[in-house]
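Counting in the working numbering, the sequence shown runs without a single skipped number right up to 145 at its last residue. So the structure is just underneath, and the comments pick up after that.
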Amino acid sequence: FAMLPLTLIRTAVGHPMLVELKNGETYNGHLAGCDNWMNIQLKDAICTSKDGDRFWRIPEVLVRGNNIKYLRIPDDVIDLVPAEDPSIQQHQGGRGGRGGRGGDGRGGRGGGGRGEG
């Protein structure tokens with residue numbers, strides 16, 4: 029079945045996880061929370077330097093979502109994920125609700141038919 033990433037991460041709250049950042053640092057800790065931008069809050073974390081020779085014990089850390097390269101979550105968490113309701117996706121449409129070309133008649137190359145020119 030299909031699984032949304034944020035649903036999986038939110039199910040993993042309270043479980044141990046590994047977060048690797050784009051800069052090579054890793055954080056091992058227990059997931060305390062996650063928001064819609066995939067910012068991850070870990071408790072009792074151990075940070076490992078990029079080269080792997082330095083370690084720091086951190087009581088609490090917030091990792092910004094756009095710095096994350098990957099997450100490692102225990103396999104047993106996948107079995108705990110609630111099934112997604114397919115009716116929700118039907119009501120949301122295929123693409124985002126904004127964007128595209130509006131029908132307000134503005135834009136183009138000037139000379140809007142008001143006697144200019």
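Every residue, glycine too, gets a C-beta built ideally from N, C-alpha and C.
In angstroms, rounded to a whole number, what distance separates the CA positions of residue i and residue j?
| i | j | result |
| --- | --- | --- |
| T39 | N51 | 26 angstroms |
| L36 | R92 | 18 angstroms |
| D79 | T54 | 10 angstroms |
| P102 | D81 | 25 angstroms |
| E184 | D72 | No answer is possible for residue 184: the residues shown for the chain start at 29 and end at 145. |
| H43 | H58 | 5 angstroms |
| F83 | T76 | 5 angstroms |
What did DSSP end up calling residue i once you bin it into helix, strand or coil?
| i | result |
| --- | --- |
| D103 | helix |
| L46 | strand |
Use the C-beta contact count for residue i: other C-beta atoms within 10 angstroms, 16 or more gives buried, fewer gives exposed.
| i | result |
| --- | --- |
| I106 | exposed |
| L108 | exposed |
Since residue i contacts residue j with CB under 8 angstroms, what's their CB separation in whole angstroms?
| i | j | result |
| --- | --- | --- |
| M45 | L99 | 6 angstroms |
| L70 | V41 | Contact flag wrong, Cβ pair sits at about 11 angstroms. |
| N67 | L34 | Contact flag wrong, Cβ pair sits at about 11 angstroms. |
| N56 | I74 | 5 angstroms |
| I96 | L49 | 6 angstroms |
**Request:** Starting from the N-terminal side, write out each stretch of the beta strand (DSSP E) that is 3 residues or longer and does not extend beyond the stretch 56-99.
**Result:** 68-76 and 83-91
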